[in-house]
Amino acid sequence: MTVNGTTYDRDVEPRTLLVHFLREELGLTGTHVGCDTSYCGACTVIVDGRSVKSCTYLAVAADGADVRTVEGVATDGELHPVQEGFWERHGLQCGFCTPGMIMSSVALLEQNPDPGEGEIRHAIEGNLCRCTGYHNIVRAVEYAAAKMRGEEPPAPDWEVPS
Amino acid sequence: MYPRKFDYTAPQTIADAVAVLAADEGAKVMAGGMSLLPLMKMRLLSPATIVDIGRIDGLDRIEDRGDHIAIGALVRHAETAASDLVRVHAPALAQAASLTGDVQVRNKGTTCGSLAHADIAADQTAAVIALGATMVANGPGGTREIAAADFFVDTLTSALAPDEILTEVRIPKGGSGSAYDKLGRRGGRSDYAVAGAAAWVDKPNGTITAARVAVTGIGTKPMLVDAVGAALVGTDGSPEAIAAAAEHATEGVTLLEDLYGSEEYKAHLAKVYAARALTAALGD
Ligand SMILES: Cc1cc2nc3c(=O)[nH]c(=O)nc-3n(C[C@H](O)[C@H](O)[C@H](O)COP(=O)(O)OP(=O)(O)OC[C@H]3O[C@@H](n4cnc5c(N)ncnc54)[C@H](O)[C@@H]3O)c2cc1C
Ligand code: FES
Ligand code: FES
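The listed protein sequences derive, respectively, from chains A and B.
Each residue of the first sequence is one higher than the one before, starting from 1337 at the first, in my numbering.
Each residue of the second sequence is one higher than the one before, starting from 302 at the first, in my numbering.
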C-alpha cells in the first residue's frame, strides 16, 4: 500500500488492523486509538480519497490502496491550512482527538470547499472530543476553509480583555 | 483490540466466494466490515475464515433496470445516499442511508451489508421493506429472490443461508413518494434508531390507492405494519387520516425495551415517526 506517498510492501497477519499497521509496522503514531467500539474517530485516515476509521479496517483489505495520515498533510514543513486553523483558533486542548479531527476536516474540505457551520458539525459527527465542546474545532475548520479558498479567515470570536 | 486469528480470502468472483462459504462452516462474508469487525474486536464473534467480497467486480454499481433500480452488494451508504437514481425513485432509502452512522461509517459500510446484518435498530432495513424491495441471494443452488418483508426473520437474523451472498437489492419504481425518519440514540437523528419509520404511498388522483409503513428500533426486527397502510387506503392522506392511520403503528410488533426506552415510550415514538414519515412521503 502507499502511505503518504511512500509505497510499502509487507506481509501481515490477516487480523492486523490498519491502525496497528500504521502505528506499529510503519511507526506512524500520529493516528490514535481512542476506543474499542468504532465510535470515537481518533483513528480516522483517508483511504483512496475517503475518510475511514482505521481501527475498523483490515490492513490486508487496504492492499494496493492509497492511505493518507496526519503525518502526510503538511508539505515541506509547512502546516496544512487545517492544522494552522487548529493552532490559530485553539481547536484542541489535550490533542488526543486532533489527528482524527484533522483528517475528517481535510476530507470534508476536499469535497466541499465552503461548508456552513451545520455541514462542518455533521462532517465531524464521527469524531468525539472530550475537551473542547467542538466550538473551536468548528471555528478552526472555518478558518482553514477560508484560507484554502484564498480568502481572509473570519476574526476569532473571543475578545482579549483590555 | 485485536480480533482472534482467522484465515482471510478475497475471491474475485461470486461463485468462488460461495464455494468457500459452502465448504467452510466457520466462514463469514465481509463487505464494509463496519458491523463485523467491531463484533470481532470485542470477540463476540470469531469466524474461522473471512471471505472479503470487496474485490469482486461489478457489485459496486447502482443500476437503472427500467421498472426497478438495483443496488449492488458493494455500494456504500454514502453512495446510496448521494445517488440521483435512489433519490428520485427511492427517497426513503436515500434518507435512511444518509442517516446511517457517521461520515466514516457511510464511507465504508454497505447498504446490502446493513440489510444482511439485520440489526433491530438499523435504518435502511425499514426503508427497503416500505419500498417493497426484493433481495437477490446467490448460493450453491443458484440465485433466489426474497421479498424484503420476509427477509428480516429475527434479531440479527436474515433469511439468508450461511452459504448465501446478498448480491443486490432491487427497488421497484412507482408510487407518489416515500420517506424515512427516526429518533437517533445520540439525540436528533444521530446513530442507530431508538425508533424509526419508513413510508411509501401511491396517490394517483387525490386518493391513496396503496401505502406501506415499516418500523425499526422498537421491536425484535424491522417489520411491515400492514394495518397502517390499510387504514390509509381510500383516504385523501389528510393530516387527520395520517394521524388515525399512525395509531396502528405497533400492531403485530413484538415491542422490545432496551437502554434507550421502555416499551411504552417506543410505542409512542413509533406512532410519531410513522406519522412524520407519511407526512413527508405525501409532501412534494
Ligand atoms: C460507529 C457506528 C455507527 C453506526 N450507526 C448506524 C446507524 O445509525 N444506523 C444503522 O443502520 N447502522 C449503523 N451502523 C452499522 C453500519 O450501518 C454497518 O455498516 C452495516 O450495518 C454493515 O455493513 P457492512 O458493509 O459494513 O457489513 P459487514 O460489517 O461487512 O457485515 C455485517 C454482517 O452482514 C454480513 N454480510 C455483509 N454483506 C453481506 C452480503 N452481501 N451477503 C451476505 N452477508 C453479508 C456479514 O457476514 C456480517 O455478518 C453503525 C456502525 C458503526 C461502527
Ligand atoms: S479508535 Fe475509536 S473509532 Fe477507531
Ligand atoms: S482535545 Fe482532548 S479530546 Fe479533543
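For every residue, glycine included, the Cβ atom is placed at its ideal position computed from N, Cα and C.
{"Query": "List the whole-angstrom C-beta distance separating residue 496 (chain B) from residue 518 (chain B), where the pair is believed to meet the contact cut-off of C-beta under 8 Å.", "Result": "5 Å"}
{"Query": "Between the C-alpha atoms of residue 371 (chain B) and residue 570 (chain B), what's the straight-line distance to the nearest angstrom?", "Result": "31 Å"}
{"Query": "Chain A partners of residue 405 (chain B), CB-CB under 7 Å?", "Result": "1377, 1380, 1387, 1388, 1389 and 1462"}
{"Query": "Would you say residue 1396 (chain A) faces chain B, with C-beta separation under 7 Å as the test?", "Result": "yes"}
{"Query": "Whose C-alpha, out of B:463, B:521 and B:532, is nearest the C-alpha of residue 423 (chain B)?", "Result": "B:521"}
{"Query": "Given 6 Å as the limit, tell me if residue 1422 (chain A) has its C-beta closer than that to any heavy atom belonging to ligand 3.", "Result": "no"}
{"Query": "Give a yes or no on whether the C-beta atoms belonging to residue 478 (chain B) and residue 582 (chain B) are separated by under 7 Å.", "Result": "yes"}
{"Query": "Can you grab the Cα-Cα spacing for the pair residue 1413 (chain A) / residue 1420 (chain A), in whole Å?", "Result": "12 Å"}
{"Query": "Under three-state DSSP, which class holds residue 360 (chain B)?", "Result": "coil"}
{"Query": "Between which residues of its own chain and residue 1404 (chain A) is the CB-CB distance below 7 Å, once the five residues before and five after are set aside?", "Result": "1340, 1381 and 1382"}
{"Query": "For residue 1443 (chain A) and residue 1387 (chain A), I'd like the C-alpha separation in whole angstroms.", "Result": "6 Å"}
{"Query": "Examine the Cβ distances between the stretch 503 to 510 of chain B and the stretch 411 to 421 of chain B and report whether three or more of them are shorter than 8 Å.", "Result": "no"}
{"Query": "Which same chain residues, not among the five before or five after residue 397 (chain B), have their C-beta less than 6 Å away from its C-beta?", "Result": "424, 425, 428 and 481"}
{"Query": "Quick check on the DSSP output: what are the complete alpha helix (DSSP H) runs of length 4 or more inside the stretch 404 to 441 of chain B, in order along the chain?", "Result": "404 to 409, 412 to 418 and 425 to 431"}
{"Query": "Within 7 Å (strictly less), CB to CB, does residue 304 (chain B) reach chain A?", "Result": "yes"}
{"Query": "Residue 473 (chain B) bridges to which residues according to DSSP?", "Result": "B:369"}
{"Query": "Between B:467, B:457 and B:491, which has its C-alpha nearest residue 523 (chain B)'s C-alpha?", "Result": "B:457"}
{"Query": "Look at the Cβ atom of residue 558 (chain B), then the Cβ atom of residue 526 (chain B), and state whether they are nearer than 7 Å.", "Result": "no"}
{"Query": "Heavy atom of ligand 1 less than 6 Å from the Cβ of residue 492 (chain B), yes or no?", "Result": "yes"}
{"Query": "If we require 4 or more residues per run, which alpha helix (DSSP H) segments fall completely within the stretch 1452 to 1477 of chain A?", "Result": "1453 to 1459"}
{"Query": "Does residue 539 (chain B) pass the burial test, meaning 16 or more other C-beta atoms within 10 Å, or should it be called exposed?", "Result": "exposed"}
{"Query": "To which residues of the same chain is residue 485 (chain B) closer than 8 Å at the C-beta, ignoring the five residues directly before and after it?", "Result": "400, 491, 492, 493, 494 and 495"}
{"Query": "By the DSSP assignment, the beta strand (DSSP E) with residue 329 (chain B) in it spans what residues?", "Result": "328 to 331"}
{"Query": "For the stretch 1392 to 1420 of chain A, which residues have a CB atom closer than 9 Å to at least one CB atom of chain B, in sequence order?", "Result": "1392, 1393, 1394, 1396, 1397 and 1399"}
{"Query": "Around the Cβ of residue 306 (chain B), are there at least 16 other Cβ atoms within 10 angstroms (buried) or fewer (exposed)?", "Result": "exposed"}
{"Query": "Between the stretch 313 to 330 of chain B and the stretch 351 to 369 of chain B, do at least 3 Cβ pairs fall closer than 8 Å?", "Result": "yes"}
{"Query": "Starting from the C-beta of residue 1480 (chain A), find all residues in its chain whose C-beta is less than 6 Å away, skip the five residues before and the five after it, and write them out in chain order.", "Result": "1417, 1418 and 1421"}
{"Query": "Can you find a C-beta in chain B that's less than 7 Å from the C-beta of residue 1346 (chain A)?", "Result": "no"}
{"Query": "Can the beta-carbon of residue 431 (chain B) be found less than 7 Å from the beta-carbon of residue 501 (chain B)?", "Result": "yes"}
{"Query": "Please list the residues of the stretch 402 to 426 of chain B that have a C-beta atom closer than 8 Å to any C-beta atom in chain A, keeping them in chain order.", "Result": "402, 403, 404, 405, 406, 408 and 409"}
{"Query": "Under 9 Å Cβ-Cβ, which residues of chain A neighbour residue 560 (chain B)?", "Result": "In chain order: nothing, as chain A lies at least about 14 Å away."}
{"Query": "Sorted by chain position, which residues of the same chain lie with C-beta nearer than 6 Å to residue 418 (chain B)'s C-beta, five sequence neighbours on each side aside?", "Result": "336"}
{"Query": "Taking residue 1357 (chain A) as the reference, give the member of A:1384, A:1376, A:1385 and A:1391 with the closest Cα.", "Result": "A:1391"}
{"Query": "I want to see whether chain A comes within less than 7 Å of residue 493 (chain B), judged by CB atoms only; does it?", "Result": "no"}
{"Query": "Heavy atom of ligand 1 less than 6 Å from the Cβ of residue 1394 (chain A), yes or no?", "Result": "no"}
{"Query": "Going by beta carbon distance, what residues of the same chain come within less than 7 Å of residue 369 (chain B), once the five residues before and after it are set aside?", "Result": "471, 472, 473 and 474"}
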